Structures are given as C-alpha cells and as structure tokens.
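Enquirer: Mind having a look at this structure? Questions to follow.
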Amino acid sequence: MKNKLIAALAFVLTVISASAQETYVKTSDDPASAIKGHVGVELYGVDAGFKNISGSMLFAVGVNARYPLTEKIKMEGLVRMPLLRFERDGFAFMADAGILFPLQSTEAPTDVKVILGYKEEDNFASNTRTATTKYVNISGNVRKSNYLRGGIYLRNSAFDDTSETTTDYFVTNVFHKGVYIGLGRERQYFFSMQRNRNGNKTDFGAGSIFMFYADAMILPVNVELEEDTFGLGPGARKELKGMLGGRIGFKWYRNPFTRAQNFNRKIPFFGNSFFTLETGVRPLEGLFITGGFTYIIHKF
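Structure, rendered in structure tokens:
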C-alpha cells in the first residue's frame, strides 16, 4: 500500500512538472532588421562637472534622436535643458550633434543572454532588496560594427571657480563650444522568438543595440572672473582658459524593434527606452559625468 502511494505521488509530481514546462526557441534572426534610429523625449538627464558644481544640471529634460541619412551613415543628436540646477547665472543648455560613419561590420553566430523579465522585491523586515532577472541563452547572428564619430558640442552653464580657497569670485557662466571626433563600437541583434507554455505558443521579438564610444574634444573656452570684495571696492580680475577634453560612454536600446516586429504585441514602457551614460574631462570643469533616460516615441 505504501509503495502504491509513493508511486501515485511520484506520478502526480511528474504531471505537475510537465504541465508547468516552459520553453523558448528562436524562429529567425536578422540583425539588420533592428531599428535604424529614433526620436525620443529625455525624461531625466543629469550633467555635473566635479570642479564646477554650480554648473551642474541636477534634473534636465530634452530631446534625443538618431536618424539614418543613408543606408550606412547616421546622424544623432541631443538637446538638454535643466529644470533644476544649483546656480541660475545665464541660460543653461547642452546640445550635441554628430555623424556616425561605418568603418567595418561583421556578423557571426554568438551566444546571447535574452532577458525575459526583471523584478525587484523589498523585504522591510530584513531591510534587503532582491533583484531577479529571467533570461534564456540563445545562439544567433550578432552584428558588430566600428564607427568613426564626429560632430559639434555646445554647453552653457554657470561657473564658480573653486581652484582658490583664499579668494572669492562672482559666479559667472562658461560656454563650451567646439567639436569632437572619436570611435564607436556597436553590437546589435534581433531575434524572432517563440514561447511554448503548456502547449500555448506565443511569438515575440527580442533584441538589443549597445554602443560604446570614446571621443577627443576640442572646446576652446575663455572665462573672465571678478573678485567679490563684498562691497569694499573693485576687486581683482583674472582670466581662465582651456582647450582640450575627452569622454567615453555608452548608449543602449532596450528593445530596438517596432510593435509590428513584436507580432503586434504591446511593448512595455521601459521596453521603449534608450539609456546613455558618459564620463570624461571638460576644460575648466575637470572630471564630469552625465547620463539620461529617454522614452522613444518614434522608431525608424
């Protein structure tokens, strides 16, 4: 009797396990089918120079775009304006526009970690947060491309000289204007996937575009400072100059495909996202860091 009970229990567990089975397969792959560009609203941006905290953009919004001029050449740009900043001296903004010119492109089968879901759970009793990522490993064609980058860079913000500790100067503004040139490397894929859950099949798209870049920046800048004597007469003046800078960063498309390519399934809010993060050196400001989250409203 006991053996029959154990056998019956094992059978039930086997049935439950089989009924809960979920599998994923790739039905097609074509990196060239990923979107070529976008127009998006940057919902949150930040930009801070460590030697010029007064010129930091603590909360900025803007427009981010990438457009295919030809089959290969692309144009990209960003305009950002702060809603919250430390100092309000001058009209603050940042604009960056340039061209991507392909140098080399290759495609090869590669193992890709396709993210299926992500969630976070807070445990207030233990004061911990658990992050869970659901993914599958899929082998498919991945395109890797090298680009030559170049364009113009404009940024105006407040400026407070903190290089001296014994002399106070009035807050003024600094206008970085110049050009950049550099190299970028892009990795992209697009898969058509199928999920089989208990015999119910669902088709959906999966993909990603990740770009890393490094630029040299020529930003001639000249700032005249006046000493703050707190009403005790005219103050001394000094001039600061700078020329060279540089940056490295990355850009990431979360889901670089349209709703039609997703088999008319709605793409979640964060699925239509574009992330940027960069760090580098700007003349007179030293080390800086900037980044943003863009919601894509149109895909090319």
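The sequence shown begins at 6 in the numbering used here and counts up by one. For every residue, glycine included, the Cβ atom is placed at its ideal position computed from N, Cα and C. Model, not experiment: these values are computed from the prediction.
List the DSSP bridge partners of E27.
Expert: Its beta-bridge partners are R202.
Enquirer: Any idea which residues DSSP pairs F215 with across the strands?
Expert: DSSP lists R192, W257 as partners of F215.
Enquirer: Tell me, please, which residues DSSP counts as bridged to E92.
Expert: According to DSSP, which records beta bridges pairwise, E92 is partnered with nothing at all.
Enquirer: Would you say A319 and I253 are within 8 Å of each other, going by their C-beta atoms?
Expert: There is no way to answer for residue 319, as the model of the chain reaches only from 6 to 305.
Enquirer: Would DSSP call N151 helix, strand or coil?
Expert: Three-state DSSP puts N151 in a strand.
Enquirer: By Cβ distance below 7 Å, which residues in the same chain neighbour G67 in space, the five residues on each side in sequence not counted?
Expert: If we look at G67 and ignore the five residues flanking it on each side, its Cβ neighbours are E47, G50, L83, V84, R85, M86.
Enquirer: Give the DSSP-derived three-state secondary structure of P36 in the structure shown.
Expert: Residue state, collapsed to three classes: helix.
Enquirer: Which residues mark the beginning and the end of the beta strand (DSSP E) in which I294 is found?
Expert: Unbroken beta strand (DSSP E) run through I294: 291–304.
Enquirer: Tell me the DSSP secondary structure of N128 in three-state form.
Expert: Here N128 sits in strand by DSSP.
Enquirer: What does the alpha-carbon distance come out to for the pair K31 and W257?
Expert: Roughly 22 Å separates the two Cα atoms.
Enquirer: Buried or exposed for A65, please, with buried defined as at least 16 other CB atoms from any protein chain shown within 10 angstroms of its CB.
Expert: The residue is buried, with at least 16 neighbouring Cβ atoms inside 10 Å.
Enquirer: Would you call S144 buried or exposed, if buried means 16 or more other Cβ atoms sit within 10 Å of its Cβ?
Expert: Flag for S144 reads exposed.
Enquirer: Take the Cβ of N277 as the centre, count every other Cβ of all protein chains shown within 10 Å, and call the residue buried at 16 or more, exposed below.
Expert: Classification of N277: buried, given that the 10 Å Cβ count is 16 or more.
Enquirer: For A37, does the count of other Cβ atoms within 10 angstroms reach 16, so buried, or fall short, so exposed?
Expert: Classification of A37: exposed, given that the 10 Å Cβ count is below 16.
Enquirer: What residue range is occupied by the uninterrupted beta strand (DSSP E) comprising G45?
Expert: Per DSSP, G45 belongs to the beta strand (DSSP E) from 43–54.
Enquirer: Could you give the C-beta distance for Y72 and G103, rounded to a whole number, given that I count them as a contact under 8 Å?
Expert: Rounded, the Cβ-Cβ distance is 12 Å, inconsistent with contact.
Enquirer: Less than 6 Å between C-beta atoms, sequence neighbours within five positions excluded: which residues of the same chain meet that for G212?
Expert: These residues qualify, in order along the chain: A39, Y194, F195, P261, F262.
Enquirer: Exposed or buried, I272, counting other C-beta atoms within 10 Å across all chains shown (16 or more means buried)?
Expert: It counts as buried.
Enquirer: Since I believe E27 is in contact with R270 (beta carbons under 8 Å), could you give me their beta-carbon distance rounded to a whole number of angstroms?
Expert: In fact, because the Cβ distance is near 17 Å, the residues do not count as touching under 8 Å.
Enquirer: Which residues mark the beginning and the end of the beta strand (DSSP E) in which V66 is found?
Expert: Taken as a continuous stretch (DSSP letters only), the beta strand (DSSP E) holding V66 covers 57–73.
Enquirer: The beta strand (DSSP E) spanning R287 covers which residue range?
Expert: 278–287 is the extent of the beta strand (DSSP E) around R287.
Enquirer: Please confirm whether L224 and L153 have their CB atoms less than 8 Å apart.
Expert: Contact: no.
Enquirer: Just to confirm before moving on: does the CB-CB distance between G250 and R287 stay below 8 Å?
Expert: Yes, they are a contact pair.
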